[in-house]
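Here's the structure we're looking at; comments come further down.
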Amino acid sequence: MINKIGQHYVTPALMPALRPSLAKLTLGTLSEIFAAVAKIGALLCLIQLIDDLSNRWVYAAIGLWIFSALLSSLSSWLVHNAESLFSARLRRQVAQHLMRLPSKTLSRYGDNQLRRLVSEDINTLHHMVAHLPSEFVTFAIVPVMSITIMLNMAGPMALLTLLPGLIASLYYLVFLPRFAAKYGAERMNIMGEIVTAVNDYTRGIRVNRVYGTQSGALASYHGATQRFTNGIIKWVGSVALPASIAIALLQAVSTFAIAYSISYRLSPSAMASVFFFGLAVVSPVLKLGHGLDYVTAGKNAAKNIGKLLKQTPIGCGNVNVGSKTLPLQASKISVINDTTTIIDSFTHRFPTGSCTAIMGPSGIGKSTLLRILAGQEVPYSGTTMLGSYELSTLTEMSRHMAIRYVPQEIGVLKTTVRQNLQLTAPNACDSEFFDALALAEVDINLDYDASLLSGGQQQRVALASIFLNQASIFLLDEPTSALDKKTALSIMQNLTEFAQKENKTIVMVTHDAELAQRADFILTLPKNAQLQDEEV
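In this text, residue positions in the sequence shown follow this note's numbering: the first is 2, and each later residue adds one.
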């Protein structure tokens, strides 16, 4: 049953992460069912106490309540433990899938979308996975048992006590979820715009100081907050009257008034059953008033995550090239953007122990070519070879160990310079870090916060990691774009010597002709051309 519920509320893409938790979720649900039965049994003992003033009914009720509490605690632990393990597996699954997606696919998702997918959407699944089993018991098992007992003890007329709860349930279970579905997505989008605007503003305060509050992130923030305020006012105005009616009907006095009017002539035990079990619908509705909203939100979150997981990742094989230094070769690579051919049958071999500079006008496909060579993008046709192996046949670890791709805006982590460099060389000593920083033309304290460095210094810290890396191939996209000419030329000379001395292959994109002259080869990419290169 739990498996079927999981398949209904969770998309198939999430089932591999959920399936190992199904056993605990099932045990948790069964524990909650027995706890509910024990609670109802305790109420029956109190009803029997009315006709038979015996201590045994008191002791039985107390024992059943204690048993129910223990089972409820066990159920809560089981389902929350299962959910936490499910969330951990799902986070790893989403993170690993994101790492394997082509750069072009990943670029379709904004920062806010990615943050929501790996954090907020997975958190939203908590209520649906951890609480849905107990709410299923509350909404289905308990009412059915309560109504059955009430009918047996008080007759069909007792069903009238259910009217307030049934009417109120129409608001909570029909009107409110539909209204939330209609406006919930809009509110989430607006909240996303607010978060994005705040992040953009904090990253670009200088820009906002120049252009004022009428444009840029601050203007977007003001617009989004105003739309959010207007939306909340509209929401409250639309739900206030139905909500007040529903809340009034859910008050115990509404049910008790009907219960007394139809049961005052019955026996004390029958009357007690009507009062005790007449809230069989009201109590679940009160508990599920917001619960089903979370279930709806959970289904939407599962849908979003499932849609991401359906995106085709970059393939990999089982070939391990080890630490061999192998030449990199592109064979008949073609790239088509929509209907425009960006790169047409590009073929080139990048020799080991050399530095190749790729030049060409903006938009010609230089960065795309680098991502294809790194295995982070799939070409329309053609193959990338590492020695005699296609790049797609290598294991992920082997490809990662062989090729290091450094994008133009790599940035640094908000931690010390030392810890940033340790990501590349965890076993290196401080003297090795200083040597690498010297080759990158930067003199800085290893304990300094790297995120507080200037753009040029951050770029040089990223370049320093190249001199520490054990990869055999380095693909650099505009590695000196934030540097002055003198520093850039000096680093370029160091990179070329590093490639020759350590038998590395360096391929870099640059628009600086003087910088390219320091490379061993220059590869020029004119529009739709296949290849133009020259040895320097």
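Here a beta-carbon is modelled for each residue, glycine too, at the ideal position from N, C-alpha and C. Computed from a predicted structure; not experimentally measured.
- By the Cβ test, the segment 457-472 is in contact with the segment 422-440, since at least three Cβ pairs between them sit closer than 8 Å.
- Sequence-distant Cβ neighbours of residue 154 in its own chain, meaning closer than 6 Å and more than five residues away, are 271, 274.
- Rounded to the nearest whole angstrom, the C-alpha separation of residue 26 and residue 79 is 7 Å.
- Contact annotation: residue 352 and residue 328 have beta-carbon atoms nearer than 8 Å.
- Residue range 56-101 is occupied by the alpha helix (DSSP H) that includes residue 101.
- Here residue 150 is buried: its Cβ has 16 or more other Cβ atoms, across all protein chains shown, within 10 Å.
- Here the C-alpha atom of residue 410 lies approximately 15 Å from the C-alpha atom of residue 369.
- For the 8 Å CB-CB criterion, residue 383 and residue 335 form a contact.
- Per DSSP, residue 127 is one residue of the alpha helix (DSSP H) stretching across 122-137.
- Residues of the same chain with a CB within less than 6 Å of the CB of residue 360, apart from the 5 flanking positions on each side, are 517, 525 in chain order.
- With a cut-off of 8 Å on Cβ pairs, the segment 391-402 is not in contact with the segment 340-358, counting fewer than three such pairs.
- Ranked by Cα distance from residue 453, the options 424, 414, 474 are led by 414.
- Cα atoms of residue 145 and residue 42: separation of roughly 14 Å, rounded to the nearest angstrom.
- Assigned with DSSP and collapsed to three states, residue 333 falls in strand.
- Beta-bridge partners of residue 391 (DSSP): 386.
- Per DSSP, reduced to three states, the secondary structure at residue 446 is coil, with no helix or strand assignment.
- Taking C-beta separations shorter than 6 Å and ignoring five residues to either side along the sequence, the partners of residue 508 in its chain run 351, 357, 476, following chain order.
- The beta-carbon separation of residue 399 and residue 320, rounded to 7 Å, stays under the 8 Å limit for a contact.
- Secondary structure at residue 261: helix, using DSSP grouped into helix, strand and coil.
- 8 Å or more divides the Cβ of residue 519 from the Cβ of residue 501.
- Nearest C-alpha to residue 310 among 115, 83, 367, 69: 115.
- Residue environment for residue 60: exposed (fewer than 16 other C-beta atoms within 10 angstroms of its C-beta).
- Listed as beta-bridge partners of residue 349 by DSSP are 331.
- By the criterion of a C-beta distance shorter than 6 Å, residue 277 is surrounded in its chain by 44, once the five residues flanking it on both sides are discounted.
- The shortest CA-to-CA distance from residue 127 to any of 404, 91, 97, 159 is the one to 91.
- The beta carbons of residue 68 and residue 37 sit no closer together than 8 Å.
- Around the C-beta of residue 129, 16 or more other C-beta atoms lie within 10 Å, and the residue is accordingly described as buried.
- Setting aside the 5 residues that flank it on each side, residue 135 is surrounded in the same chain by 33, each with a C-beta closer than 6 Å to its C-beta; the list follows chain order.
- By the Cβ neighbour-count rule, residue 313 is exposed, with fewer than 16 other Cβ atoms within 10 Å of its own.
- Taken through DSSP and simplified to helix, strand or coil, residue 153 comes out as helix.
- Taking all protein chains in view, the Cβ of residue 478 is crowded by 16 or more other Cβ atoms within 10 Å, so the residue is classified as buried.
- Relative to residue 505, the option among 444, 339, 133, 496 whose CA is nearest is 496.
- If the five residues before and after residue 109 are omitted, its C-beta is found closer than 8 Å to no C-beta atom of its own chain.
- Within the DSSP bridge table, the entry for residue 478 names 510 as partners.
- Beta-bridge annotation (DSSP): residue 358 is paired with 509, 523.
- Taking 8 Å as the cut-off, the Cβ atoms of residue 366 and residue 343 count as close.
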